[in-house]
Amino acid sequence: MDRHWFVLFLLSFAPLPIWSQDYVTPDQFAFTVDTDLVYGVDTNYLGSVDTLRLDLYKPIGNSDPRRPLLVMVHGGSWLGGCKNDPAGIVPMLQQFVKRGYVVASVNYRLGWHKDDFVPGPVAGFGITPWPEAYRSFYALDSAEIKRAIFRGMQDVKGAIRWLKARAQQDSTCVDKVMVGGESAGAFIALATAFLNAPSEKPTACAALPDAPSPYGQVLNATAFECDYQAFPVDPGMLVRPDLGPVEGVLNMNGYDASVRGVASFYGGVPWEAFDLDWLQGPDTPAVYLYHQTCDGVVMHGKGKPMSTLSANCNLGAYPWHYNYPDMYGSGAIKASFDAMIAPPEHTTDFEFCVPFDPNLSLIECPRYANNGSYHFTNDHALRATHLATFLEPLASDPGSCLNTSLRNGPKDTPPRLFPQPANEVVFLTVPSPVQKVSFVDGQGRPCKEVLSPASGIDVHDLPSGPYLIMVTMGSEVRSVPCMIAH
Numbered sequence: 008m009d010r011h012w013f014v015l016f017l018l019s020f021a022p023l024p025i026w027s028q029d030y031v032t033p034d035q036f037a038f039t040v041d042t043d044l045v046y047g048v049d050t051n052y053l054g055s056v057d058t059l060r061l062d063l064y065k066p067i068g069n070s071d072p073r074r075p076l077l078v079m080v081h082g083g084s085w086l087g088g089c090k091n092d093p094a095g096i097v098p099m100l101q102q103f104v105k106r107g108y109v110v111a112s113v114n115y116r117l118g119w120h121k122d123d124f125v126p127g128p129v130a131g132f133g134i135t136p137w138p139e140a141y142r143s144f145y146a147l148d149s150a151e152i153k154r155a156i157f158r159g160m161q162d163v164k165g166a167i168r169w170l171k172a173r174a175q176q177d178s179t180c181v182d183k184v185m186v187g188g189e190s191a192g193a194f195i196a197l198a199t200a201f202l203n204a205p206s207e208k209p210t211a212c213a214a215l216p217d218a219p220s221p222y223g224q225v226l227n228a229t230a231f232e233c234d235y236q237a238f239p240v241d242p243g244m245l246v247r248p249d250l251g252p253v254e255g256v257l258n259m260n261g262y263d264a265s266v267r268g269v270a271s272f273y274g275g276v277p278w279e280a281f282d283l284d285w286l287q288g289p290d291t292p293a294v295y296l297y298h299q300t301c302d303g304v305v306m307h308g309k310g311k312p313m314s315t316l317s318a319n320c321n322l323g324a325y326p327w328h329y330n331y332p333d334m335y336g337s338g339a340i341k342a343s344f345d346a347m348i349a350p351p352e353h354t355t356d357f358e359f360c361v362p363f364d365p366n367l368s369l370i371e372c373p374r375y376a377n378n379g380s381y382h383f384t385n386d387h388a389l390r391a392t393h394l395a396t397f398l399e400p401l402a403s404d405p406g407s408c409l410n411t412s413l414r415n416g417p418k419d420t421p422p423r424l425f426p427q428p429a430n431e432v433v434f435l436t437v438p439s440p441v442q443k444v445s446f447v448d449g450q451g452r453p454c455k456e457v458l459s460p461a462s463g464i465d466v467h468d469l470p471s472g473p474y475l476i477m478v479t480m481g482s483e484v485r486s487v488p489c490m491i492a493h
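Numbering-wise, the sequence shown is residues 8 to 493 according to the numbering used here.
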């Protein structure tokens, strides 16, 4: 018999559920989380080695072998934040994994060089009424923020390639990858989606003169593997090298880092996005933009990050935003799209709020303090519904991933298992008829055997945990790892 692709499912299952999965309705699935998966190693702004990790959320019970993948990037001023912050990115991650997406929450290199002189009281130092962390908010120059975004973008691109390479293991589709982020992470997500050519690299990311030593009252602190800490600086840590290619150097495995959609929650882009034409072209993905219009941290229009609070509500400290670059928020990006003859597919989710009145700072500063500076996602469930609805044509596209379809797969491809994790039923695709499927638990004990299976294999009777499936095909036995979660 010629070798051919033999799919283990009953014809009565047709049409296959993989073509009709609903990725909009909330709370459909429980989920598992694989934590601290290492996707790469690189050096941070101080030249220190940073191990880059991600958490991978997988739905339980979604039988689609080509599930969409959403890669999410946390915020934190490019100084702090973490992939598992329950007050940060996690609520949005959970909204999407419960809809059936596989979701990755990535850490990336953080930090930027600090100013060498501040001509006034430093926020967070001495008697100034600010947390000590504010001492780290004084940037050396505008290039430092752009370099932080660029490093983060390189890391996320590397994470996307790493995740695409394991698409079969995660039951995802390499042609249904989206990226999103909040605040600083949204800047990185937009750069990941838009910036893909050497000509689009900002000049700030080339080699620059060494940074001077930080001012004594300024704190050279940043998060390092989710631990916020201060670092002593020696001259060898002040080098500002060329940051390398747009795509970075992580996981150059034959997959690209392209995405079909990008979601920005109160983020933006540097002016280079317009000057170097990041936003146009056939490669620009679908764009979702969320912002509160009076955001006091990332301007909805144009401005320096944190300028509203730094200039008007500094409580006597020297403003910390002066060396930040001008950035363009969601409103400015939308205006740019509106001016294009052929803009990319996009949608906006803007919430109007009363802008800050600098003539009434005594009233306005408490209002902003009591409302999170309007720099947060208001109603995660609602925003997730809006975003999921916008992405649905991409997430459920039956035309995607045909390059990895069962009937067109290479004949020497090993057995493929889906979904992962499995709940009630597990399906196999194999290159020839199967005589026997055996399950071995995590302690090496045989626990289930199915002879000549002709459909999805019932696993509801197996306890949750890791298994090795031994697939007998004639004289050949192949093994496939399997995770079962009930």
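For every residue, glycine included, the Cβ atom is placed at its ideal position computed from N, Cα and C. Being a predicted model, the structure only gives us computed values, none of them experimental.
- Beyond the five residues adjoining it in sequence on each side, Gly192 comes within less than 6 angstroms, by CB distance, of Val80, His81 and Gly82 in the same chain, given in chain order.
- If you look at Gln176, you'll find it isn't in any beta strand (DSSP E); it sits in the alpha helix (DSSP H) that goes Ala174 to Asp177.
- The beta carbon of Val110 sits closer than 7 angstroms to the beta carbons of Tyr64, Leu77, Met79, Leu100, Phe103 and Val104 from its chain, once the five residues preceding and following it are set aside; these are given in chain order.
- For Glu254, there is no enclosing alpha helix (DSSP H), since its DSSP letter is neither H nor E.
- Listed in chain order, the non-local C-beta contacts of Asn385 below 8 angstroms within the same chain comprise Gln299 and Glu358, local neighbours out to five positions each way being set aside.
- Note that the segment 237-244 touches the segment 47-62; at least 3 beta-carbon pairs, one per stretch, sit closer than 8 angstroms.
- Here Asp465 carries a strand assignment [DSSP, helix/strand/coil].
- Fully contained in the segment 274-351 are the following alpha helix (DSSP H) runs of length 4 or more, in chain order: 279-282, 314-319 and 337-346.
- Taking a 10 Å sphere around the C-beta of Gly159, we find 16 or more other C-beta atoms and assign the residue as buried.
- Secondary structure at Cys180: strand, using DSSP grouped into helix, strand and coil.
- Under the DSSP assignment, Val104 falls in the alpha helix (DSSP H) whose first and last residues are Val97 to Val104.
- The beta carbon of Tyr235 sits closer than 6 angstroms to those of Gly87, all from its chain and outside the five residues before and after it, given in chain order.
- Taking Thr50 as reference, the option from Glu483, Arg74, Gly251 and Asp364 with the minimal CA-CA separation is Gly251.
- Short of 6 angstroms from the beta carbon of Trp285, and not among the five residues preceding or following it, lie these beta carbons of its own chain, in chain order: Phe201, Leu202 and Glu207.
- C-alpha of His382 to C-alpha of Val304: approximately 6 angstroms in a straight line.
- Across the set Ile370, Phe281, Gly268 and Ser439, the C-alpha of Ser439 shows the shortest separation from the C-alpha of Val484.
- DSSP places Phe201 inside the alpha helix (DSSP H), whose first and last residues are Ala191 to Phe201.
- When Gly481, His467, Thr479 and Met480 are compared, the shortest CA-CA separation from Ile67 is found for His467.
- Contact annotation: Val433 and Gly472 have beta-carbon atoms that are not nearer than 8 angstroms.
- When rounded, the separation of the alpha-carbon atoms in Ala492 and Thr42 is 16 angstroms.
- If you look at Pro373, you'll find it in the alpha helix (DSSP H) that goes Ser368 to Asn377.
- When Glu232, Thr354 and Ile167 are compared, the shortest CA-CA separation from Ser265 is found for Ile167.
- Arg423: member of the beta strand (DSSP E) spanning Arg423 to Phe425, first to last residue.
- Under the DSSP assignment, Glu456 falls in the beta strand (DSSP E) whose first and last residues are Pro453 to Leu458.
- In the structure shown, Pro239 adopts coil according to DSSP, grouped into three states.
- Annotation: the continuous alpha helix (DSSP H) that includes Pro400 extends over His387 to Ala402.
- In this structure, the alpha-carbon of Pro216 lies about 16 angstroms from that of Ile152.
- By the Cβ-count criterion, Cys454 is exposed, with fewer than 16 other Cβ atoms from all chains shown falling within 10 Å of its own Cβ.
- Membership of Met490 in the beta strand (DSSP E) is indicated by the continuous run Glu483 to Ile491.
- Taken through DSSP and simplified to helix, strand or coil, Ala429 comes out as strand.
- Between Phe124 and Tyr222, the C-beta spacing is below 8 angstroms.
- Under DSSP, Glu358 forms a beta bridge with Gln299.
- Val225 and Arg142 do touch by the CB rule: their CB atoms are close to 6 angstroms apart, below 8 angstroms.
- Linking Arg60 to Leu44 through their CA atoms gives a straight-line distance of about 5 angstroms.
- For Gly47, the uninterrupted beta strand (DSSP E) segment begins and ends at Ala37 to Thr50.
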